[in-house]
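**Q** The structure that follows is given in the form of structure tokens.
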Amino acid sequence: MPDPALAPLPTLPVMRRHPDSMLRWAARRLELRSFGLVPEHFDLAEGLRAALAVGAPLTLALASGLAVLGWSVFAAFWTCLCDAPAPDAVRRRMLGTFLGAGTAMAFAGSALAALWPMAGLLLGPILVFAVLLACGRIAYGGLLGTLLGVVAVVAVGFPQGLHLAGAQALAFLAGATWAYLLITLLWPIDALRPLVRASDAVIVRLLDMAESLVSLGEGPHRDGAWHSEHAEHRRTVRLAVERLRSLLDRYAVQTTGLTPHHQALATAETLFGALIALDQGFIEQVGSARERLAVARACRTALLAWMHDRAMPPGIAEPAALPWALRRMHALAGGLRDDLCAGCTLAMAQAFATPVPPAAPLPAAGGVLRARPLSRAAVQQALRQTAGLVAVYAAALTFGLGYPYWAAMAVVVVLQGGVRVTWARCLERILGSVLGGLFASALLLLGGAETVPLACLATLLAGVAIALRAVNYTVFVVFLTMLFVIVTAMLHPGEGIAAARMIDNVIGSLAALLAVFLLWPDFGASLPGRIAEGIAANRAYFDAVSAARPFAEIETVRRAAGLASIEAETALHDLGGLINRTRGAMAHAQGLGTLRMLAGAAAMAWHRRLGENRGI
């Protein structure tokens, strides 16, 4: 039987694979250990805009010799950081809230901290506690609360009289307003770009999964026996799909432009189910190797065609690559003997052909900022941050820290959730701060007192930091640390700034970790318990397929099974998993293989049934 998936595409440009395969290989290993790496989230346009936002006030500060304008520099940078993915109306409201509340915080924190000695030690924790409670009542207000908390602890670190505190606040207002106008009016960027990148990330990871099957040939599948990276492609695709899904939730108030992304999500889910079944077929060597490879190649070709058509500018020409790939896929399905291979091929073809009705938008964008009930978790988080700040200020008094607000900032940005998240961010913050401090020290040593080269470098660092902020937290902190150290050295010269930044960040990160350990610690279920929960979820998926439940119900339990499997696999490598390993719980790790085998068996059963009914 000739393989239609090998036929050339003569009338279209050559379709090449995504060039970042090595980065995604690293990302698959980091994700398993709760460290994010998403190269598709690099945003050059945002980086260039941030460089302009920071460069203008920095130039003004250096030209005028007014050190207080450093507040304009950092306000502009923080405003760029506050610009999170959301519809335009929501972004404007969030940025406006940060601008107004941040200005008030810059004045109040500085002025009140000057009222009596050591006032900042009490005021900093109180302000952060109040900010976190207020932002906890705003949907997706976590980033806003974090940045306002940062402004609060920095303002408290610069106690001034009313006039100088007012000057600081005005400088903050000027920098934040400049960045706000740049983001919303002078240099707007399409609000849907994050959705495009998230959709592309899903497609690329599906392509990696298909490519991994093609590369097997007739050889054995690595997942035939459990290993530490077991089911890496299933895991990374599910995580990418969930990132897209959560991003779509943030855009729920959007009235237009979401249909292609909902369609991409639905298509990806169906393709993913078929690839799971095919993946399990490779593991168990179901049917002929030739047919399995033909289906894997057809899927790879269709995904490349999908990427090719998505990259075409709208209105230039009618997309032709994907229809061509689907015609080959239908031709292939007609000649396959194995029901599983035929079912997988038909499911893949149907994934691209079935339209998805657009999701109903929420009534109004203003509802996003309306007050909502304050959760118990939000109160606990605010109390943890308060306790961490108290510990940091106590350490500042004990050890005589030169820049205690840097340690306080570390507490605010590291303590962002439970034990798993805080542990990962603590390690990333420490590593990024140490590397960034060392690089900044070397650059300051080489650059000496030359202001112009350092100003250009700081502008470049601001742009790179913003462009990379959603790619990887460690890399972001490296450039962030270099930026803060160099700008501080230019506007507030002093000895040992880089070393102080490194030490203070280590102290603040450890204080955050201590707070999450001591106050309402939640290590989750034990590793054997998570494995048991994952097996139960995958068993429910298998039972739903066996009972021929409706497709929507099967999709729901398949998603739940995938998430439960990821939770169990990640738990093996996080802090709780390290503790469990010392207690001999590694003996239970083989159960992780059972999770994926159950999911694969369920997917095979569903797609085999689809193949059996292909002639009906």
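Counting from 1 along the sequence shown, just add 33 to a position and that's the residue number in our numbering.
Note that the Cβ used here is the ideal one computed from N, Cα and C, for glycine as well.
Bear in mind the structure is a predicted one, so any value in this text is a computation, not a measurement.
1. In whole angstroms, what is the alpha-carbon distance linking arginine 641 and arginine 582?
2. According to DSSP, simplified to helix, strand and coil, what is phenylalanine 191?
3. Name the two residues that bound the continuous alpha helix (DSSP H) containing asparagine 538.
4. Just the C-alpha distance for leucine 543 and proline 406, rounded to the nearest angstrom, thanks.
5. Assuming tyrosine 506 is part of the alpha helix (DSSP H), what are its boundary residues?
6. When the Cα of glutamate 483 is compared with those of Ile519, Leu552, Ala593, which residue comes out closest?
7. When DSSP labels each residue in this structure, what does asparagine 571 get in the three-state scheme?
8. Contact between the region 107-119 and the region 172-190 is defined here as three or more beta-carbon pairs at a separation below 8 Å; is this criterion met?
9. Can alanine 441 and alanine 531 be called in contact, C-beta distance under 8 Å?
10. Taking DSSP as the reference, what is the three-state secondary structure of valine 444?
11. Would you mind sorting arginine 662 into buried or exposed? The rule is 16 or more other CB atoms within 10 Å of its CB.
12. Give the C-beta separation of alanine 545 and threonine 431 to the nearest angstrom, bearing in mind that I take them to be a contact with Cβ-Cβ under 8 Å.
13. Count the other C-beta atoms from every protein chain shown that fall within 10 angstroms of the C-beta of serine 598, then say buried if there are 16 or more, exposed otherwise.
14. Just how far apart, CA to CA, sit arginine 276 and glycine 433?
15. Relative to the alpha-carbon of arginine 592, which residue among Leu490, Val274, Ala375 has its alpha-carbon at the smallest distance?
16. Let's test the definition: count the other Cβ atoms within 10 Å of the Cβ of threonine 136 and tell me whether it reaches 16, buried, or not, exposed.
17. In chain order, what residues of the same chain lie with their CB nearer than 7 Å to the CB of glutamate 586, ignoring the 5 residues before and after it?
18. If we count Cβ pairs, one from each stretch, closer than 8 Å, do we get three or more for the region 305-322 versus the region 622-634?
19. From this set, Leu337, Ala411, Tyr284, Phe512, which residue's C-alpha is nearest leucine 471's C-alpha?
20. If you run the structure through DSSP and keep just helix, strand and coil, what is arginine 630?
21. Would a C-beta distance cut-off of 8 Å place threonine 507 and leucine 552 closer than the cut-off?
22. Thinking C-alpha only, which one of Cys113, His74, Ala59 is nearest alanine 495?
23. If I measure Cβ to Cβ from alanine 397 and keep anything under 6 Å in the same chain, skipping five residues before and after, which residues do I get?
24. Which residues in the same chain as tyrosine 574 place their Cβ atom closer than 8 Å to its Cβ, once the five residues preceding and following it in sequence are excluded?
25. Is it right to say proline 158 is buried, meaning 16 or more other beta carbons lie within 10 angstroms of its own, or is it exposed?
26. Quick one, which of Ala212, Phe584, Glu265, Gln623 has its alpha-carbon nearest proline 561's?
27. Can you give me the C-alpha to C-alpha distance between glycine 400 and threonine 292, rounded to a whole angstrom?
28. Does the separation of the CB atoms of phenylalanine 162 and alanine 415 fall below 8 Å?
29. Which of the three DSSP states, helix, strand or coil, is assigned to methionine 242?
30. Would histidine 525 be called buried (16 or more neighbouring beta carbons within 10 Å of its own) or exposed?
31. Go ahead and pull the three-state DSSP assignment for methionine 637.
32. Tell me which same chain residues have a C-beta within less than 7 Å of the C-beta of glycine 626, skipping the five on either side of it?
33. Can you tell which of Ala200, Ala382, Gly169, Glu79 has its C-alpha closest to the C-alpha of serine 143?
34. Does the Cβ-Cβ distance between leucine 70 and valine 504 come in under 8 Å?
35. Thinking C-beta only, is alanine 204 closer than 8 Å to tryptophan 104?
**A** In brief:
1. If you take the alpha carbons of arginine 641 and arginine 582, they lie about 15 Å apart.
2. Three-state DSSP puts phenylalanine 191 in coil, outside helix and strand.
3. Asparagine 538: member of the alpha helix (DSSP H) spanning 530-551, first to last residue.
4. Cα to Cα, leucine 543 sits roughly 31 Å from proline 406.
5. Run containing tyrosine 506: 506-524, per the alpha helix (DSSP H) assignment.
6. Minimum Cα distance to glutamate 483 is reached at Ile519.
7. Of the three classes helix, strand and coil, the one that applies to asparagine 571 here is helix, per DSSP.
8. These segments touch.
9. In this structure, alanine 531 does not lie closer than 8 Å to alanine 441 by Cβ.
10. Three-state result, valine 444: helix.
11. Given that the chain is displayed from residue 34 to residue 649, the structure contains no residue 662 and the question cannot be resolved.
12. Distance from alanine 545 to threonine 431 at the Cβ level is roughly 18 Å; contact not present, criterion being Cβ atoms closer than 8 Å.
13. Here serine 598 is buried: its Cβ has 16 or more other Cβ atoms, across all protein chains shown, within 10 Å.
14. If I take the Cα positions, the gap works out to 43 Å.
15. The option with the nearest alpha carbon to arginine 592 is Val274.
16. So threonine 136 counts as buried.
17. The residues Ala577, in chain order, have a CB closer than 7 Å to that of glutamate 586 in the same chain once the five nearest residues on each side in sequence are set aside.
18. Taking 8 Å as the limit for Cβ pairs, the verdict is that the region 622-634 does touch the region 305-322.
19. The shortest Cα separation from leucine 471 among Leu337, Ala411, Tyr284, Phe512 belongs to Phe512.
20. Just to set this straight, residue 630 is methionine in the shown sequence, not arginine. Per DSSP, reduced to three states, the secondary structure at methionine 630 is helical.
21. With respect to leucine 552, threonine 507 sits apart: the two C-beta atoms are not nearer than 8 Å.
22. The residue from Cys113, His74, Ala59 with its alpha-carbon nearest to that of alanine 495 is Cys113.
23. Model confidence at alanine 397 stands at a pLDDT of 48, short of 50, so the residue's coordinates are unreliable; what they give is reported in the following sentence. Cβ within range, chain order: n/a, list empty.
24. Only Ile587, Val590, Arg591, Ala593, Ala594, Leu631, Ala632, Ala635 meet the Cβ criterion.
25. Proline 158 is buried by the Cβ-count criterion.
26. Nearest C-alpha to proline 561: Gln623.
27. Confidence at glycine 400 is low in this model, with a pLDDT of 49, below 50, so the placement of that residue is unreliable and no value is reported for it.
28. Yes, they are a contact pair.
29. If DSSP states are grouped into helix, strand and coil, methionine 242 belongs with the helices.
30. Around the CB of histidine 525, fewer than 16 other CB atoms lie within 10 Å, so the residue is classed as exposed.
31. For methionine 637, the three-state secondary structure derived from DSSP is helix.
32. Here the set comprises Trp259, His263.
33. If we check each option's Cα against that of serine 143, Ala200 comes out closest.
34. Yes, they are a contact pair.
35. It is a contact, given that the beta carbons lie within the stated cut-off.
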